[in-house]
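Peer 1: Chains as they are written, first to last, in the numbering used here: chain U, 2 to 418; chain X, 2 to 418; chain P, 2 to 418; chain G, 2 to 418. Idealized CB from N, CA, C, for every residue including glycine.
Number of protein chains: 4
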Amino acid sequence: MDFAQSPRTQDYLKRIRAFMQQHIAPVEEKHLREIIERKHGFDWTQWKVPAGFEELKAKARAAGLWNLFLPDAEHGAGLSNVEYASLAEEMGKSLLAPEVFNCSAPDTGNMEVLWKYGTPEQKDTWLKPLLAGEIRSAFCMTEPDVASSDATNMQATAIIEGDDIVLNGKKWWSTGIGHPNCKILIFMGLTDPQAGRHAQHSMVLVPLDTKGVAIKRMLPVFGEYDPPSGHGEVWFDSVRVPKSNLLLGPGKGFQIAQGRLGPGRIHHCMRCIGSAERALQLMIERGLSRVAFGKPLINLGGNRERIADLRIAIDQARLLTLYAAWKIDKAGGMAALNEISAIKVVAPNVLQQVVDAAIQMHGAGGLSYDFPLTTLFAQARVLRLADGPDEVHRGMIAKVELAKYAPRVPKQKESAA
Amino acid sequence: MDFAQSPRTQDYLKRIRAFMQQHIAPVEEKHLREIIERKHGFDWTQWKVPAGFEELKAKARAAGLWNLFLPDAEHGAGLSNVEYASLAEEMGKSLLAPEVFNCSAPDTGNMEVLWKYGTPEQKDTWLKPLLAGEIRSAFCMTEPDVASSDATNMQATAIIEGDDIVLNGKKWWSTGIGHPNCKILIFMGLTDPQAGRHAQHSMVLVPLDTKGVAIKRMLPVFGEYDPPSGHGEVWFDSVRVPKSNLLLGPGKGFQIAQGRLGPGRIHHCMRCIGSAERALQLMIERGLSRVAFGKPLINLGGNRERIADLRIAIDQARLLTLYAAWKIDKAGGMAALNEISAIKVVAPNVLQQVVDAAIQMHGAGGLSYDFPLTTLFAQARVLRLADGPDEVHRGMIAKVELAKYAPRVPKQKESAA
Amino acid sequence: MDFAQSPRTQDYLKRIRAFMQQHIAPVEEKHLREIIERKHGFDWTQWKVPAGFEELKAKARAAGLWNLFLPDAEHGAGLSNVEYASLAEEMGKSLLAPEVFNCSAPDTGNMEVLWKYGTPEQKDTWLKPLLAGEIRSAFCMTEPDVASSDATNMQATAIIEGDDIVLNGKKWWSTGIGHPNCKILIFMGLTDPQAGRHAQHSMVLVPLDTKGVAIKRMLPVFGEYDPPSGHGEVWFDSVRVPKSNLLLGPGKGFQIAQGRLGPGRIHHCMRCIGSAERALQLMIERGLSRVAFGKPLINLGGNRERIADLRIAIDQARLLTLYAAWKIDKAGGMAALNEISAIKVVAPNVLQQVVDAAIQMHGAGGLSYDFPLTTLFAQARVLRLADGPDEVHRGMIAKVELAKYAPRVPKQKESAA
Amino acid sequence: MDFAQSPRTQDYLKRIRAFMQQHIAPVEEKHLREIIERKHGFDWTQWKVPAGFEELKAKARAAGLWNLFLPDAEHGAGLSNVEYASLAEEMGKSLLAPEVFNCSAPDTGNMEVLWKYGTPEQKDTWLKPLLAGEIRSAFCMTEPDVASSDATNMQATAIIEGDDIVLNGKKWWSTGIGHPNCKILIFMGLTDPQAGRHAQHSMVLVPLDTKGVAIKRMLPVFGEYDPPSGHGEVWFDSVRVPKSNLLLGPGKGFQIAQGRLGPGRIHHCMRCIGSAERALQLMIERGLSRVAFGKPLINLGGNRERIADLRIAIDQARLLTLYAAWKIDKAGGMAALNEISAIKVVAPNVLQQVVDAAIQMHGAGGLSYDFPLTTLFAQARVLRLADGPDEVHRGMIAKVELAKYAPRVPKQKESAA
């Protein structure tokens, strides 16, 4: 057993930290303020990439800090999940960094899907510009009219008609779809209701400018619209694309979704942990710098105990996530089902807990945009729902646990996931 | 011991419910949407009272549902704290109702202060139009540069110079100061640093249009600016008002603040409980109407247990708040110190817990403005800091508890409040 | 609304406190030590009432502090539930007091059953000596071989054969059955499996010396056997008693059980709250008297915050229990179903939480019999299971809550209770 | 990063599991029942090693499963801390196994101390028979009259007089001192009050039969006396031993204690995790085998969610403990201060949480000796106090955390540990 990071990870970490300190930190506040002021908050069609942002990306690419998430030595860095995990944590300490390094969701997941399952033509058309950071992408799965925590509830359809596929339905929470550079989306819909439970749905590549694709509005998360990316509600009205836009084949939607989720959850959780470290740091710095009743806040009441509990919680969440990543590397996502669900519950909840405590230490200022805390809170809160709510993941963990006792385990429909 | 509400309370409750159902419910969503769209979100000088709102107030006044908070039979309803408490809970179920009934913070607290401590002239000039709902008011106590959880940290000054008082300093989180009708504020500042710890500060009436009063910006709470009231940062630069604007006298600031806080905290907490009931209702309705894995969400996993725990928590918070109100009625605020601090910890935390669970049951939709949940969450979160953070109130409760064991109790500076 | 105790309650409280201080406190430790040393711990047939105990009871009776639980002015004090509740809390502060005042479970519940449902002959034979404190009793419902949280699982039978009833089956956790004075038990068993779900079971009076009744062993709770009362496992092998021993009639078991449970749970919960007050007091006294790192323990880390949280929790539990008692008084047990289940969850959990914290403040000593803390812990822990586990009560609360939304509520078998 | 266990660990694990299944499991219940019945519970001088136990130890030794804890290839297995950790978890699943494998506290810690710091003569006299399992030992540090959470409170003295050391004072919670084979104890006492804070105390080897050593009584933990080992209160009255019995030298007590604690805490925590796995297994098996309201308990209410939360908690505790062990191996105990304190908080609390839930699933039976749950609960509860209470460890973690922000950190006496 060896908890040391690989030399490659250590080297990348050092370079990422240096880059973030030199290039991102100095502009982060200006950039975020621009976003926060959201002059075009309610007219997302006017959203713009902040000035200087593409140059920042170019610098990161030139520095070799680019597409590090991709376990492919040619297009990415060829890092294993456990190697990349710590880099994701580091990036998570900045709200800008993941995109600067072309490592932000949902592009990472979409690139992985294209890399794993795309045809040469699909790769050439969409993966190439995504890897180059020239375009961005969205993923359309969740629907407004049903409980999407049960993916089989999905109502949108992807019907094959001759050489085309015709898409209909409503999707929402399509993150990134408001970005000026968003050009492609992956749509998931019902193709064959007669097939087995997990073979009914297909994934389809849909250029954003296809006729019938209508972005109805952007959705706020705790009042934040996250420009210039946004979370969109998108309606598909007889959207017709050629059959060659199918990913992997008809009815392969769930199979792709499974493969997509493992590493994606590692990324999300490690970024959460980076965010949690940042929130803890802000909390401590505030606690050291403000005085009440004659003492620095940090020495009042239960504040030191809270710091200890949060440090423990963060360290445990990190270790569990690294373990899950290592298990994916060694034995694949199916073998790590339990761990992937576990970190999906743990990491966002730990972040929420840390940020809540950090807000409390900041006093009312912590509720405002003078600090990034409410933004980090929103990140935590949305992740307790995105990619499956806590409850579904707990159900999955219990299912895996009880399976050890088969054949004694009674069927429990609700915990299926 | 008798937990039944008085006939007067029962009568008012019936009428408030009827009024809210008939007049407020039908326009609430339209009104809130107008606020949410916040077309002038970032230019608060353009904030407007929504169309039809003054008419709504006039109707409430005509119906005798007006100033019910004021324990004065002439200007208000003459209800005791425990009688009014349940009305505050009911009003708390709507985001508009408190203001429609002229029972919203900080006006209620300011009116009470004027009613209790104002000179006839002060009452005539300011209390009268406030009671009539013609103007609104703000309260300027918290400061940006110090930990305001310790009120003695206050740096702003209120210096008597001849017949005038001269005010200097920065305040923030002055709720309501952005309202188009806000005309008067109560300022608290340091008058005599040589006096005893709680006799150094004064409260002063300051017309908003006094020279030197500058509203620098509005502060968001989890991204919400709460137009048209807002939470302002206000700077006072050699603001000069006549000595007759002093409330009660120089150095009486803390004495007034103490008297103001008891009933105000009852109101806040009961409104929290009303909000919590609303959030629980939304949670259950969502849980009944959505299906996953073949069952309504409400029947999945631990959801019913969560409903039970929330019901218990709400009922306990209500009883404790009613008990605190009764104790204030019977023995005064000082006798109820422990209970007032206790509800101030309990009620907002219960609301936060209920709303968090309700969001979870709603899925991602619960994070957006399609539901009022994030607004209720912000209400809870801000109240865990406003009027003293949880930690200060816990310190006060411990202090009262340990005082029972005097003289064995060692001095503990930090828990002073 | 009036939270003041009635003059009668106040008077009794004063007298109970005085009696406990004068007569019980001086002998409590000696008595408990005798119990703790349990010289006959493993041979329960040798259990004896401690020396002087009957004299103590005689004094209490002479002082008019006797059978206060019974809402009957002739045999008891004629107090309402809400009036008696505070007396139960006070008695709960001593491990001896409830029995000294002839107010201890399960006798109280059994006396209530006899008082409400007994025939004149049953009353004469069993209620009279119970009210006189001359004999003690047990209640046999829970069974070792099934999940007794679902009472309909019950397997023991009470079959009518001519003029007799014949009882068969195994019962356990029959509290008090080891007491030298235990002479009568109430047995619950299945009489008619064809009747409706809640009309199949009967309750039967069984003299302990009836042929076929065999006490197999005493059960420990966290290592404590609670001599001289004990918790017994009792087997019934063709036990035959006359039909006149039936309570209320065949199939009336659940009806009686329901009536028995409401007040009984008030008593249990109020005693828990008394225990919690005692544990909190011990915690604070220890925290004030011991020093570490140069400070009294009470001023270290989060200890004061913990004191505050426990104070809040105890006060909330008390108010909720008093409210439940009041509701039973006003509208009957069925109307207070939700509240009775709520306190049954809250009060033992609060006690467990307080005791756990008190042990922590005591250090390892708190784990030993040098303090009553582990005994109080066992009291809490057993009450989270007795009279229905937390989970069943949560299910009941959810059921009542969701019933407000009928007819939209889907059937959920598991939450039936 | 590599989470795989070393081949040596895997091999030992396999052999330990096989041995436990073949030799320990079949006799465990019989053995424990003998202990539980505690015929001599109150006369510890009559305690006996259960029949057949020494033979079991001989088998383990013959199988090469002996002294595995000792990082010494000659006398032990030469395993690193991280390698041994998983073996300790496995042993923790049985209440007998640790001693069978000669790997039980406090002997392990005492053997380590002798191995690291003992003179050749001390080793020959005491380490040898301990390694052979022929004798057992105790450790006397905690005192009844002071808060021993602050070790500098210690009042017992170890005064050098010529060639002797003279010991005086009261100790308690000396685990193992009741064992018939206990022959030696390590005493810690104050030698030089003028020396630096951590250089005042010495550790001294004291044969149990030295004049002036008096075992006053055995202390119960939640009613359990843990025969035949026990937890003793021991008084030292002018106990005189030769100076050669000093360990390492005068004033070296804290230095030795520090070295002793790191690995010892790893062992304790890993055994806790083993216990937690066992309790979880019992919980699930009960939940699968009992039926209420028409379903197996495991499918009722929030039970599956609870299983999931416990699985997550156990896995996180294990990873954190393994990480702490690895850090000790790589960089020494001082570098792992934070992690050692963290696991000391986490592991016993996780065990307590799992056992509490397991008891709840078992119903009242779980409170009795029909299941090992209350024994496991006592193990958890005592470990939240032994070797430093949770609060002291939280204080240490906060101290380490805040040290990262030096020199800004204000002094806080209370968190010193």
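Please list the partners that Val355/U has in chain X, where partner means a Cβ-to-Cβ separation under 7 Å.
Peer 2: In chain order: nothing, as chain X lies at least about 15 Å away.
Peer 1: Identify each residue in the stretch 359-372 of chain P for which the Cβ-Cβ distance to at least one residue of chain X is less than 9 Å, and report them in chain order.
Peer 2: For the stretch 359-372 of chain P, the beta-carbon criterion of a distance under 9 Å to any beta-carbon of chain X is satisfied by none of its residues.
Peer 1: Name, going along the chain, the residues of the stretch 276-304 of chain G whose beta-carbon falls closer than 7 Å to a beta-carbon of chain X.
Peer 2: Gly302 and Gly303
Peer 1: May I have the straight-line CA-CA distance separating Glu340/P from His268/P, to the nearest angstrom?
Peer 2: 14 Å
Peer 1: The alpha helix (DSSP H) spanning Asp330/U covers which residue range?
Peer 2: Asn304 to Ala332
Peer 1: From the beta carbon of Ile308/G, is the nearest beta carbon of chain U less than 8 Å away?
Peer 2: yes
Peer 1: Is the Cβ of Leu403/X closer than 8 Å to any Cβ of chain G?
Peer 2: No - not a single Cβ of chain G is within 8 Å of the one on Leu403/X.
Peer 1: In chain X, which residues lie less than 9 Å from Tyr118/P when you measure between Cβ atoms?
Peer 2: Residues of chain X whose Cβ lies closer than 9 Å to the Cβ of Tyr118/P do not exist; the shortest such Cβ separation is about 28 Å.
Peer 1: Given a cut-off of 8 Å on the beta-carbon distance, is the pair Val356/X and Ile315/X in contact?
Peer 2: The Cβ atoms of Val356/X and Ile315/X do not sit closer than 8 Å to each other.
Peer 1: Cα-Cα, which of Thr120/G, Lys328/G and Ser342/G is closest to Ala336/G?
Peer 2: Lys328/G
Peer 1: Is Leu320/X near Leu320/P, with beta carbons less than 8 Å apart?
Peer 2: Going by C-beta atoms, Leu320/X is nearer than 8 Å to Leu320/P.
Peer 1: Taking Cβ positions, are Ser203/G and Leu247/G nearer each other than 8 Å?
Peer 2: Contact flag set, yes.
Peer 1: Quick one: what's got a C-beta closer than 7 Å to Thr322/U's C-beta in the same chain, skipping five residues either side?
Peer 2: Ala86, Ile267, Cys270, Met271, Ile274, Ile344 and Ala348
Peer 1: Taking DSSP's pairing of strands, which residues face Gly190/U in a bridge?
Peer 2: Answer by DSSP bridge pairing, in chain order: Ser203/U.
Peer 1: Could you work out which residues of chain P lie near Trp327/X, taking near to mean beta carbons separated by less than 8 Å?
Peer 2: Residues of chain P whose Cβ lies closer than 8 Å to the Cβ of Trp327/X are, in chain order, Met2, Asp3 and Phe4.
Peer 1: Is the Cβ-Cβ distance between Gly213/G and Ser239/G less than 8 Å?
Peer 2: yes
Peer 1: Excluding sequence positions up to five away, which residues of its chain have a Cβ less than 8 Å from the Cβ of Asp388/X?
Peer 2: Leu262, Gly265, Arg266, His269 and Lys345
Peer 1: Measuring only between beta-carbons, confirm whether Pro264/U sits less than 8 Å from chain G.
Peer 2: no
Peer 1: Taking just the CA atoms, how far does Arg305/X sit from Ala325/U?
Peer 2: 31 Å
Peer 1: Please list, in chain order, the chain A residues whose beta carbon lies closer than 8 Å to that of Gln380/G.
Peer 2: Any reference to chain A falls outside this structure, whose protein chains are U, X, P and G.
Peer 1: Is the separation between the beta-carbon of Glu225/U and that of Gly134/X shorter than 8 Å?
Peer 2: The Cβ-Cβ distance between Glu225/U and Gly134/X does not fall below 8 Å.
Peer 1: With burial defined as no fewer than 16 other Cβ atoms inside 10 Å of the residue's Cβ, what is the status of Thr10/G: buried or exposed?
Peer 2: Taking a 10 Å sphere around the C-beta of Thr10/G, we find 16 or more other C-beta atoms and assign the residue as buried.
Peer 1: Apart from the five residues just before and just after Thr176/P, which ones in its own chain have a Cβ nearer than 6 Å to its Cβ?
Peer 2: So the list reads Pro107 and His232, once near-sequence residues are dropped.
Peer 1: Is the Cβ-Cβ distance between Phe188/P and Leu209/P less than 8 Å?
Peer 2: no
Peer 1: Verify the CB distance criterion: does Leu311/P have a CB-CB separation below 8 Å to chain G?
Peer 2: no
Peer 1: Nearest-angstrom Cα distance between Leu298/X and Met21/G?
Peer 2: 45 Å
Peer 1: In the DSSP assignment, the beta strand (DSSP E) including His232/U goes from what residue to what residue?
Peer 2: Residues His232 to Pro243.
Peer 1: Measure the C-alpha to C-alpha separation of Asp151/G and Ala399/G and round it to an integer number of angstroms.
Peer 2: 17 Å
Peer 1: What three-state label does DSSP hand Ile160/P in the structure shown?
Peer 2: strand
Peer 1: Mind checking which residues open and close the beta strand (DSSP E) that includes Cys141/P?
Peer 2: Residues Arg137 to Cys141.
Peer 1: Could you tell me how far apart the beta carbons of Trp116/U and Leu97/U are, in whole angstroms, since I believe they sit closer than 8 Å?
Peer 2: Not really, about 25 Å apart at Cβ, beyond 8 Å.
Peer 1: Just reading off the alpha helix (DSSP H) that Asp165/G is part of, what are its end residues?
Peer 2: Looking at the DSSP string, Asp165/G is not in any alpha helix (DSSP H); the run it does join, the beta strand (DSSP E), is Asp165 to Thr176.
Peer 1: List, in chain order, every chain X residue whose beta-carbon is nearer than 9 Å to that of Pro221/U.
Peer 2: Result: Ile37, Gly224, Leu368, Ser369, Tyr370 and Thr375.
Peer 1: Which residues does DSSP pair with Ala215/X in a beta bridge?
Peer 2: DSSP output for Ala215/X lists Trp236/X as bridge partner(s).
Peer 1: I'd like to know if Asp388/G contacts chain P, where contact means its C-beta is closer than 8 Å to some C-beta of that chain.
Peer 2: no
Peer 1: Which residue or residues does DSSP assign as beta-bridge partners of Leu247/P?
Peer 2: Paired residue(s): Val205/P.
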